[in-house]
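Heads up: the structure comes next, in structure tokens.
Protein chains: 2
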Amino acid sequence: MTTNNNRYSPAIILALVAALVAVSWLYVAEKAGSVVSTNNGRTIAGEITSGIEKEHFEWKMVTSWPKNFPGLGTAPETFAKLVNRMSDGRLTIRVYGGGELVPALEVFSAVSQGTVEVGHSAGYYWKGKIPASPFFTAVPFGLTAQEMNGWLHYGGGLELWREVYKPFNIIPFAGGNTGVQMGGWFNREINSVEDLKGLKMRIPGVGGEVFSRAGGTSVTLPGSELYTSLQTGVIDATEWVAPYNDTALGLHEVAKYYYYPGWHEPGPALEFLVNIDAWNTLPADLQAIIEAAARYANQDMLDEYTARNNAAFMDLQNNPDIEFRRFPDDVIKALKKAADEYYQEITAEDEVAKKVYTSWKAYEEGVRNYHHITEQAYINARDL
Amino acid sequence: MTTNNNRYSPAIILALVAALVAVSWLYVAEKAGSVVSTNNGRTIAGEITSGIEKEHFEWKMVTSWPKNFPGLGTAPETFAKLVNRMSDGRLTIRVYGGGELVPALEVFSAVSQGTVEVGHSAGYYWKGKIPASPFFTAVPFGLTAQEMNGWLHYGGGLELWREVYKPFNIIPFAGGNTGVQMGGWFNREINSVEDLKGLKMRIPGVGGEVFSRAGGTSVTLPGSELYTSLQTGVIDATEWVAPYNDTALGLHEVAKYYYYPGWHEPGPALEFLVNIDAWNTLPADLQAIIEAAARYANQDMLDEYTARNNAAFMDLQNNPDIEFRRFPDDVIKALKKAADEYYQEITAEDEVAKKVYTSWKAYEEGVRNYHHITEQAYINARDL
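Protein sequence lines, in the order shown, are assigned to chains A and B.
Going letter by letter, the first sequence gives residues 1 to 384 in the numbering used here.
Going letter by letter, the second sequence gives residues 385 to 768 in the numbering used here.
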């Protein structure tokens, strides 16, 4: 049935077709995803879901280790992969080894300035800028990995860490732990504190400072130079990490004596550093994902080192060219005295270091006493 | 400019209007979210985003502890909250205390049968059904928390655990660790292995089995009855956890002697249990979120116990009514001998237990030797 009134002008038809095309396009565009917008100068690919724009973030992460360096370099990869999986690709993090994008020891500055969004490193590298920072990593005769994690997450440590890094526009997260590091490789025997005199040892950071105060000569050298330096006699001794990493450098081939106990880095905590402006652009779910991925990587590194150091140690034990030696008590006592003096000095000079040390020391004394009747009592008793 | 040819029939107009309405409705419906569908009989609220239906999951979690019980009951809450935050509410988990939905010791069955999707408990509760299960929690003179996490995540332990639970339609995840548990509270002194004879001690599980073999009388009682049983002399001694939980039960008010070292549960790993059918309904991002939340809670519990046991221990140390005592060496040796005999028996009777024990024992011997020169050497040296 048609009548004359039922005829419409092309203008109406055109308007209807245009509206249909517009709505259809909107629908199809959303299905396809990918609306590109900018946020704080960063280009972000986004998709609109449930009426809320769910942005995609592409972050860069710089680290202080060679890419995929066993243990230390595994953690940032584990972290990045897990964030990608959990966010279903909404937050992707590209990991760079030390020197690839910025030098290994400029990770803190790069994150602070926003050159990159995230970094993986160790707090004690920044002790020139922040004298308190070694307490968030490891100090001589300090906390074991388990004790350190207790202080950070239930003893006020992490709050202090965040307070200290905030002026640098960085939020830190615990980023792995190697467990107790070994006392190092030596070309000669240490039978008393006198034997430290004239001993040239590669031992950087606070450990090196304390070693020098106890009579030794500390040297700082990158890992890549340790084998040759030890072989040619440029140094008499070096510490590195523990059997898993030490044997990878071949240190057992050039030094006869492997010393314990480690005293300078009893439970070094690594760190994930996130630029605060970048952090603030993330929705709450991606912030929670970052937090959980950091905690995952934090435990995972310790698990990896525990199992793999153990395996590497078995090989060393069967190596007739290696002699295991224990530092004499007077050496340990001299190093301990030097460490205490160092803490007194830096806390006298720096208010922030004093505040951090006060919290750390109260926890350390308590947990050490507690471990006398638990971990320590147990691991000694099971050898009976 | 109009001509006669440019007139169209109402049918075309109607078709165009209908198409416009349909596409607009589709767009608006998606914006509003909430399409309800069903999946495996569960009602799921869904939303369509990016062309993929993103389902909402509502899960139930049963546990073997009173709801929010400090430490043990904190972990499932931490896990559920983190999953909710990371998934932006797409996976919500409601936590039930022991006995609220199913009895405390029927968590495994409930997850196995799919009554609930997830559970939080301890593997050694199922040793009647699975003799190998205590090796995934704790056994006398076994692994510390750090060592246990190394075995599980880098020593083949988790793969074995999953293989053993698979016939029960369950996928397990490490779900927290208390650290070394204390030797317990005693009403009388233990000066030799002879003093174990006739001693009635609440000590359940493998620890109880070993305690009985060494001459004592082991009793199983729920935590809620320990205070009164100790006070009225129904039992002479009881273990529970460590200072944080023990003092919450008031055990220090009714027993004079607090014994160390703990020997029966040196690093108990709790467990998250996920029903495999429920697991398989999850998209990959939510599976990754579950995995990370479990690992977060796994470390978090140990951190909490380390810090809070330490704080509770400080109070006990200052309590003049408590006497700390160390088990004599002959008692430790007798318990150790009984434990070894027990392992020989269960592994001779059960092929699965033998396979698990073989992996566990090889790792245990290696890591114990390794800790002689690292953790153990360090914590003994720092007391010099």
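The C-beta atom is built at its ideal place from N, Cα and C for all residues, glycine as well.
- My understanding is that A381/A touches I716/B, with C-beta atoms under 8 Å, so please give their C-beta distance in whole angstroms. Right, their Cβ atoms sit about 5 Å apart.
- Message: Count Cβ pairs between the segment 527-537 of chain B and the segment 491-501 of chain B that sit closer than 8 Å; are there 3 or more?
- Response: Counting Cβ pairs under 8 Å, fewer than three are found: no touch.
- Task: May I ask you to list, following chain order, the residues of the segment 57-89 of chain A that have a beta carbon less than 8 Å from some beta carbon of chain B?
- Result: The segment 57-89 of chain A vs chain B, Cβ under 8 Å: L82, R85, M86, S87 and D88.
- Entirely enclosed beta strand (DSSP E) segments - the segment 611-671 of chain B, minimum 3 residues: Counting whole runs of 3 or more residues, the segment 611-671 of chain B contains the beta strand (DSSP E) stretches 641-644 and 653-659.
- Query: Listing by chain order, which chain A residues have their CB less than 8 Å from the CB of H755/B?
  - Reply: Annotation: Cβ neighbours of H755/B in chain A (cutoff 8 Å, chain order): I379.
- Message: Counting C-beta neighbours from all protein chains within 10 Å, is the total for A288/A 16 or more, i.e. buried, or is it exposed?
- Response: Classification for A288/A: buried.
- Task: Can you give me the Cβ contacts of T731/B inside the same chain, cut-off strictly under 6 Å, excluding the 5 residues immediately before and after it?
- Result: Spatial neighbours of T731/B in its own chain (CB-CB distance under 6 Å, excluding positions within 5 residues in sequence) are listed in chain order as A737, K738 and Y741.
- Item | Burial state of Q683/B, where buried means 16 or more other Cβ atoms lie within 10 Å | Flag for Q683/B reads buried.
- CB contact below 7 Å: I619/B versus chain A: By this cut-off, I619/B is not an interface position.
- Could you work out which residue in I170/A, G179/A and D236/A is closest to L196/A when comparing CA atoms only? For the options I170/A, G179/A and D236/A, the alpha carbon positioned closest to that of L196/A is the one of D236/A.
- Query: In chain B, which residues lie less than 7 Å from D329/A when you measure between Cβ atoms?
  - Reply: Under the 7 Å cutoff, chain B gives L768.
- DSSP puts R94/A in a beta bridge; with which residues? Among the bridge pairs identified by DSSP, R94/A is matched with K60/A.
- Task: Taking a Cβ distance cut-off of 7 Å, strictly less, list which residues of the segment 644-655 of chain B are near chain A, in chain order.
- Result: Answer set for the segment 644-655 of chain B: Y644, P645, G646, W647 and P650.
- Relative to the alpha-carbon of G589/B, which residue among E578/B, T601/B and G582/B has its alpha-carbon at the smallest distance? Nearest C-alpha to G589/B: T601/B.
- Task: May I have the straight-line CA-CA distance separating Y611/B from R478/B, to the nearest angstrom?
- Result: Between Y611/B and R478/B, the alpha-carbon positions lie close to 31 Å from each other.
- Query: Expressed to the nearest angstrom, what Euclidean distance is found between the alpha-carbon atoms of F594/B and L485/B?
  - Reply: Looking at the sequence itself, residue 594/B is Val, so the reference to Phe does not match. Approximately 33 Å, taken between the alpha carbons.
- Going along the chain, which unbroken runs of the alpha helix (DSSP H) with 4 or more residues stay wholly within the segment 471-533 of chain B? Within the segment 471-533 of chain B, the runs of alpha helix (DSSP H) that reach at least 4 residues and sit entirely inside it are, in chain order, 491-497.
- Item | Cβ-based neighbour list, R752/B, same chain, cut-off 6 Å, excluding 5 preceding and 5 following | Excluding residues within five positions, none has a Cβ falling inside 6 Å.
- Message: Are the CB atoms of Y154/A and T137/A within a distance shorter than 7 Å?
- Response: In terms of Cβ geometry, T137/A and Y154/A do not form a close pair [threshold 7 Å].
- Message: Considering just the uninterrupted stretch of the alpha helix (DSSP H) at A362/A, what are its terminal residues?
- Response: Note, A362/A: alpha helix (DSSP H), E351 to I373.
- Item | Where A746/B falls, given that 16 or more other Cβ within 10 Å makes a residue buried | The residue in question, A746/B, is exposed, as its Cβ has fewer than 16 Cβ neighbours within 10 Å.
- Task: Please go through the same chain and pick out, in chain order, the residues whose beta-carbon is closer than 8 Å to the beta-carbon of E707/B, but skip the five residues on each side of it.
- Result: Hits under 8 Å: K640, Y641 and Y642.
- Residue environment, G473/B, which counts as buried when at least 16 other CB atoms sit within 10 Å: By the neighbour-count criterion, in which a residue is buried when 16 or more other Cβ atoms sit within 10 angstroms of its Cβ, G473/B is exposed.
- Neighbouring residues, chain A, relative to F492/B (Cβ below 9 Å): Chain A residues near F492/B: none, gap ~25 Å exceeds 9 Å.
- Message: Strictly below 7 Å CB to CB, what residues from chain A border F525/B?
- Response: Per Cβ cutoff of 7 Å: R382.
- Could you pull out every residue in the same chain whose Cβ sits closer than 6 Å to the Cβ of E649/B, ignoring the five residues on either side in sequence? Here the set comprises A522 and Q565.
- A292/A: contacting residues in chain B (beta-carbon distance under 7 Å): Those are L466, M470, A676, A677 and Y680, listed as they occur along chain B.
- Message: Between which two residues does the beta strand (DSSP E) holding V577/B run?
- Response: Judged by DSSP secondary structure, V577/B falls outside any beta strand (DSSP E); it is assigned neither H nor E.
- Pull up the distance between the alpha-carbon of N703/B and that of W569/B, whole angstroms please. N703/B and W569/B have their C-alpha atoms roughly 15 Å apart.
- Limits of the unbroken beta strand (DSSP E) element including E323/A: Element bounds for E323/A: E323 to R326.
- Item | For A488/B and F453/B, the rounded distance between their alpha carbons | F453/B and A488/B have their C-alpha atoms some 13 Å from each other.
- Query: Among residues of its own chain, excluding the 5 on either side of Y305/A, which ones have a beta-carbon nearer than 6 Å to its beta-carbon?
  - Reply: Closer than 6 Å at the Cβ level, and outside the excluded window around Y305/A, lie G71, T178 and G179.
- Message: A297/A and F108/A - do their beta-carbons sit closer together than 7 Å?
- Response: Their beta carbons are not under 7 Å apart, which means F108/A does not touch A297/A by this criterion.
- Message: So with CB distances below 8 Å, who are the chain A contacts of D669/B?
- Response: The answer, in chain order, is R85, M86, S87 and D88.
- Amino acids of chain B, ordered along the chain, whose beta-carbon sits closer than 8 Å to that of W151/A: Those within 8 Å of W151/A in chain B are A691.
- Item | Under the three-state DSSP convention, the category F69/A falls into | Residue state, collapsed to three classes: coil.
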